[in-house]
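Asker: This is the structure, below, for whatever I ask next.
Below is the structure:
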């Protein structure tokens, strides 16, 4: 690629700008370790997040630092990487630069790995009452709401209101929804009953709603069946073929017209739709219905061989299977390595973009955990479940966590949690005040013996 | 004590209301384990916090869950304790009840252990620019500000503004101030220099300001001297006999009139004055200048033998030494055990309050840590410092942490941190956006080679 000399006379090194330090973006930058280029890695946060374990923050099993590593630390020894904390607001393909508010950063190559965010099918007003789970702040907010629900139920005098506070609806039965529902049921039924005096937390209802006719629709029917049965055995209410049509404070509406139904629920957690990061819209490329960029077989934007889109933001097709690359960590990592390799090769050899290889996705299997020592696996061409699947799940997740320290700590947490069924991160933080609306009448001395007995 | 029968005919059990689940309040409730009474333990948060290690959250060494335990978990097996999440707004001694907003809770005995909060000597407007360190939310906010300062400095083009962003002022050289200053200097000089490409974090200035003529004024002169020397060796600027007279955004004013001086500082941390929780004002008892309740030798409010005040909220005098009981964890714990014992005894035996013993404080020694493997100790009638003092400090703090799980994790964290000088919890969380005001001109392609080199 032709790079003009720097005004100082010193030739400028080609610059690769990577937007997003998730599984995809990190892999691109790592793959450029030996390449003669400058890598600018931009992210809205200062940490690389191991998103598959985010539900464990939301359910108080792990602390944020256990599953997040400062991006700068990852690239501490890779001196051609510069990390910038900032939010990319626009891509200007014609001027070959990105904008972060008023600041512009030019690129020779651009890799967009900005990921996806939760989407409410056009009902953004649902978000306030049904938070999604994409960032650490999301997870801490859900943790706060879940723990507060039990605290509020403890003080609630009215039986109906108490029942509503102890009703949790999880919308969407993908891996996150299934894992959330299972963990919530474990909290209510096993972790905290002995902690409360007035309320019986084992009566908490966890309702998992899914539009499809099975849970974990992306996994094998055997795994769906097994996960469904395991959730039911734990006491989770699973409602399939169920469409949420409205969410208000403490209320979920299901179905329409004659089938309309209302569920009083103090907490709703959104684990359903996602859509591509809005920054993709400025690319002037074709997007699919979920806001993802339709990329060519080389993961580049058609007509722009210097712009790649990878990970959850890409609508890509695997070259060999001709199937869509799924929006999972594996897909992002493989695309990231592929694109990093393509750029490194073209930088070194000057090979023309026309001669690029095509990306093929290799499915290494899927795993989802349902609760303590239970999981389902589709791997090595077969499906299995139970303790061994869970052990495999634990092993895979720990191995993939970046950073040696985190691995040890997460293992200690898990081992401890598994042994005593505790959840050590049960902290209500954040400055919001308790939302107890109808607290129990703690009343006057003479009639108090019963009220607080 | 005379307790009227419950309207239902069943005799009501005497009720002890404890406000605050810090070191003092927890000990009161634990001491009433075998007593035939109901204990209502009210706290604004759901966790008991090991406050002496809070600075380690603020400096990214530990996660909140490492030093906090859900209060309910502490009393899981003590069935006469009921935990209520709520904020006590008023005490009504005449009606023997406390108010939490519109809710009243009656008591037979009341123990106020609501602690202290940071005070700005009547300059509440300083708080916004100089946060204190009393709660987990405080610590996370300080962590966010400190880490953001380096991120902003990395993008700052103007040398003067960059220098200001890398200037941290810690006001107050008690244990918290000394520990904060030492940890900040370690972060800047050892933990993160390799993570940044443009800014040299080792140039960060940490200025510790103290009004007295020595650091750690509550410790022995030998320890003060040693801590001062250790801080200086680390590169902390220690300014004694220095009075802060104004704080604005990014600006600290020192002295008055001819001695007036201004320090540009991107971050100011307040570790100076504290004052008693405002709830004490409703007691109609005598307060000292720091808003603490002057209690009798039995830790009770004069004229109200059924109301005790303990911990940081009490201005108490030790019966044997006739010296003031210091506002430290030991003092709160000893008062809590004493008061719990008094109540248990009077409940069981009906002994009159006139025959109560007097509280004597036993100083078990003081420890303060200055940095990695450095500490000072005043203990066993002598002063010493260095690695052994630090080992003792670590041991004491780990032993006192409530909850076995936390101890293991904290030890792993510390061992790891000590070995590799990492700080694992370096996460910027919280929804506030970066406050970069004059970001570097990331500019156009042609003049970019240098700007980001």
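Protein chains in written order, with our numbering: chain A, 1 to 453; chain B, 1001 to 1453.
Every residue, glycine too, gets a C-beta built ideally from N, C-alpha and C.
Treat the numbers as computed from the prediction; the structure is a model and nothing was measured.
In the DSSP assignment, find the unbroken alpha helix (DSSP H) run with residue 1335/B in it and report its ends.
Answerer: Element bounds for residue 1335/B: 1329 to 1349.
Asker: For residue 1151/B, would you say it is in contact with chain A, using Cβ-to-Cβ distances shorter than 8 Å as the test?
Answerer: Closer than 8 Å to some Cβ of chain A, the Cβ of residue 1151/B qualifies, so yes.
Asker: What are the residues that DSSP puts in a beta bridge with residue 1315/B?
Answerer: BP columns for residue 1315/B point to 1294/B.
Asker: Buried or exposed for residue 56/A, going by 16 or more other Cβ atoms inside 10 Å?
Answerer: It counts as buried.
Asker: Is the closest heavy atom of the ligand ADP to the C-beta of residue 389/A under 7 Å?
Answerer: This structure lacks the ligand ADP; in fact it carries no ligand of any kind.
Asker: So with CB distances below 7 Å, who are the chain B contacts of residue 129/A?
Answerer: The premise fails here: residue 129/A is roughly 18 Å from chain B at the closest Cβ pair, so nothing lies under 7 Å.
Asker: Could you name the residues of chain B that residue 46/A contacts, counting a contact when the two beta carbons are closer than 8 Å?
Answerer: By Cβ distance, chain B contributes 1147, 1151, 1426, 1427 and 1428.
Asker: Going by beta carbon distance, what residues of the same chain come within less than 6 Å of residue 4/A, once the five residues before and after it are set aside?
Answerer: Confidence in residue 4/A is poor, its pLDDT being 48 and thus under 50, which makes the residue's placement unreliable; the coordinate value appears in the next sentence. Hits under 6 Å: none found.
Asker: So residue 1228/B is in the alpha helix (DSSP H); what residue range does that whole segment cover?
Answerer: Taken as a continuous stretch (DSSP letters only), the alpha helix (DSSP H) holding residue 1228/B covers 1221 to 1234.
Asker: Taking the Cβ atom as the reference point for each residue, do residue 178/A and residue 133/A lie within a distance shorter than 8 Å?
Answerer: Contact flag unset, no.
Asker: By the three-class DSSP mapping on this structure, what secondary structure does residue 1277/B have?
Answerer: Here residue 1277/B sits in coil by DSSP.
Asker: Pick out the complete alpha helix (DSSP H) segments inside the stretch 1348 to 1408 of chain B, 4 residues or longer, and give them in chain order.
Answerer: Taking only runs of at least 4 residues, the alpha helix (DSSP H) segments lying wholly in the stretch 1348 to 1408 of chain B are 1387 to 1400.
Asker: Tell me whether residue 55/A sits in a helix, a strand or coil according to DSSP, three-state version.
Answerer: The answer is helix: DSSP assigns residue 55/A an H, G or I state.
Asker: Taking its Cβ as the centre, do 16 or more other Cβ atoms sit within 10 Å of residue 71/A, making it buried, or is it exposed?
Answerer: When all chains shown are included, residue 71/A counts as buried.
Asker: Check whether chain A comes within 8 Å of residue 1157/B, counting only Cβ atoms and requiring the distance to be less than that.
Answerer: Taking Cβ atoms only, chain A never reaches closer than 8 Å to residue 1157/B, which makes this a no.
Asker: So is residue 75/A buried or exposed if we call it buried at 16+ other beta carbons inside 10 Å?
Answerer: Per the 10 Å Cβ criterion, buried.
Asker: Once the 5 residues before and after residue 1431/B are set aside, which same chain residues still bring their CB inside 7 Å of it?
Answerer: Since pLDDT at residue 1431/B reaches only 48, below the 50 mark, its modelled position is unreliable, and the value read off the structure follows with that caveat. Cβ within range, chain order: n/a, list empty.
Asker: Which residues, taken in chain order from the stretch 170 to 199 of chain A, show a beta carbon closer than 8 Å to some beta carbon of chain B?
Answerer: Those would be 192, 194, 195, 196, 197 and 198, in chain order.
Asker: Taking the beta strand (DSSP E) that residue 16/A belongs to, which residues open and close that run?
Answerer: From DSSP, the beta strand (DSSP E) with residue 16/A extends over 15 to 19.
Asker: Please state whether DSSP places residue 82/A in a helix, a strand or coil.
Answerer: DSSP places residue 82/A in strand when its eight states are reduced to three.
Asker: Can you list the residues of chain E that residue 32/A reaches, using a CB-CB cut of under 9 Å?
Answerer: Although the question refers to chain E, the structure presented lacks it and instead comprises the protein chains A and B.
Asker: By the 10 Å Cβ neighbour count, where 16 or more other Cβ atoms means buried, how is residue 143/A classified, buried or exposed?
Answerer: Buried.
Asker: Assuming residue 253/A is part of the beta strand (DSSP E), what are its boundary residues?
Answerer: First-last of the beta strand (DSSP E) with residue 253/A: 251 to 254.
Asker: Any beta carbon from chain A within less than 8 Å of residue 1282/B's own beta carbon?
Answerer: Not closer than 8 Å to any Cβ of chain A, the Cβ of residue 1282/B fails to qualify, so no.
Asker: Alpha carbon to alpha carbon, how far is residue 1062/B from residue 1176/B?
Answerer: Approximately 15 Å, taken between the alpha carbons.
Asker: To which residues of the same chain is residue 260/A closer than 8 Å at the C-beta, ignoring the five residues directly before and after it?
Answerer: Counting only Cβ-Cβ distances below 8 Å, and skipping sequence neighbours, we find 245, 253 and 254.
Asker: Rounded to a whole number of angstroms, what is the C-alpha to C-alpha distance between residue 1236/B and residue 183/A?
Answerer: Going from the Cα of residue 1236/B to the Cα of residue 183/A covers about 46 Å.
Asker: 8 Å is my cut-off, CB to CB: does residue 1223/B come that close to chain A?
Answerer: Closer than 8 Å: no.
Asker: Secondary structure at residue 1183/B, three-state DSSP: helix, strand or coil?
Answerer: Here residue 1183/B sits in helix by DSSP.
Asker: Roughly how many whole angstroms lie between the Cα atoms of residue 1332/B and residue 1097/B?
Answerer: Distance between the alpha carbons of residue 1332/B and residue 1097/B: 23 Å.
Asker: In the DSSP assignment, find the alpha helix (DSSP H) that holds residue 162/A and state where it starts and stops.
Answerer: Segment 159 to 165, the alpha helix (DSSP H) holding residue 162/A.
Asker: Identify every residue that forms a DSSP beta bridge with residue 1069/B.
Answerer: Residue 1069/B pairs with 1048/B.
Asker: 8 Å is my cut-off, CB to CB: does residue 65/A come that close to chain B?
Answerer: Residue 65/A counts as touching chain B.
Asker: Below 6 Å CB to CB, which residues in the same chain sit around residue 1270/B once its five sequence neighbours on both sides are set aside?
Answerer: Same-chain partners within the cutoff: 1118, 1130, 1132 and 1171.
Asker: With which residues is residue 1308/B paired in a DSSP beta bridge?
Answerer: DSSP lists 1111/B and 1300/B as partners of residue 1308/B.
Asker: Does DSSP classify residue 1324/B as helix, strand or coil?
Answerer: Strand.
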